[in-house]
Amino acid sequence: MEDRNITDVKEFILLGFSDIPNLQGLLFGIFLVIYLGIIIGNILIIIITKADPVLQTPMYYFLGNFSFLEICYTSVTLPRMLMNLLIQKRNISFLACAAQLCLILGLGGSECFLLAAMAYDRYVAICKPLYYLFIMNHKICVQLVIGSWIIGTPVVLGQTYQIFSLPFCGPTKLNHIFCDIYPILQVACGDTSLSEIFIYADVVLFGIVPFLLICWSYVRIIATILKLPSAIGKSKAFSTCSSHLMVVGLFFGSGIIVYLQPKSSHSSGRDKILSLFYTTLTPLCNPMIYSLRNKDFIVTIRKLLSKCIRSGNE
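Numbering (full-length UniProt numbering), first residue to last: 1 to 314.
So this is what it looks like as structure tokens:
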């Protein structure tokens, strides 16, 4: 710490993919297509879940909210990354970096708890079908969604304030594609062990706890499914859960690996790739996983397309 000058930081530099300058244009095109695919795909899910009365159920209510959350989550990181790739201006102000980190942590925690709420919904639907509409009434669904959005707000604000209250040493270059915790801690001066302890505590609270709740739900679900006498019934029950499990695996798998590593073992290249999984790949795959593996969705899409074709012919 004595050998490094503490600076009054006003901005950071997001290096992103600056180590491969010849591919900046190609990467911009790829991520632009991905971002448009995320926005269009998730908006279509929201529209479809609202348009068809058949889909006015708790499962699709959660899915519509999850799609809206995915749009918000992706929009925190991808537009800034696209701008950096396009105009090569990698500076981000101190406050903008703090706001980006706060939103990433807040929306990421909300996604964890919303995925847990969706797992609970499937547990009630399969394990307690006779009480499903009574337990998962509209009021409970709204409370679960609102709770998922706001449950981590105080902790996230406190975590962000604690990290950005640290002294920083120049140069403040973040070898990452967005303002994430560990790249910021790597340019902080002094002892950051307290910050790391808080990070692990947050990962347990907002990552491990929802993940364990999801695992508990699916242990009960699988036990119930295996007791079903009909092979068709088993297949149908598994199909309603498989899409959710795929999204859970993508999101939690990459996120927990990144945030549970000690700071010393972090690799910037590996972290960039893993961060793309939970900030980009999951939101992109969400519409495809749920639409292509869901018969109700396919039927509704066909009906909407038929209406569009008929109205166009008229």
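Ideal placement from N, C-alpha and C gives every residue a C-beta, glycine not left out. Since the model is a prediction, treat every value here as computed from it, not as a measurement.
What's the call for residue i, buried or exposed, on a 16-neighbour Cβ count within 10 Å?
i, result
"residue 283", "buried"
"residue 4", "Confidence at residue 4 is low in this model, with a pLDDT of 49, below 50, so the placement of that residue is unreliable and no value is reported for it."
"residue 161", "exposed"
"residue 202", "buried"
"residue 69", "buried"
"residue 308", "exposed"
"residue 137", "exposed"
"residue 206", "buried"
"residue 64", "buried"
"residue 310", "exposed"
"residue 19", "exposed"
"residue 30", "exposed"
Could you work out which residue in the options is closest to residue i when comparing CA atoms only?
i, options, result
"residue 41", "304, 289 and 308", "289"
"residue 93", "228, 231 and 172", "172"
"residue 191", "25, 166, 146 and 249", "166"
"residue 104", "296, 259 and 28", "259"
"residue 270", "254, 285 and 46", "254"
"residue 156", "79, 198, 46 and 71", "198"
"residue 301", "38, 101 and 52", "52"
"residue 244", "13, 56, 121 and 129", "121"
"residue 189", "286, 139 and 163", "163"
"residue 143", "306, 81, 131 and 114", "114"
"residue 116", "134, 62 and 84", "62"
"residue 279", "230, 154, 178 and 246", "178"
Who does residue i pair with in a DSSP beta bridge?
i, result
"residue 322", "Here the chain covers residues 1 to 314 and nothing more, so residue 322 does not appear."
"residue 188", "168"
Report the start-end ranges of each beta strand (DSSP E) in the segment 51-139 that is 3 residues or longer and not cut off at the edges.
91-93
Those runs of the alpha helix (DSSP H) which lie wholly inside the segment 22-51 and span at least 4 residues:
24-51
Between the segment 273-287 and the segment 26-43, are three or more C-beta pairs nearer than 8 Å?
yes
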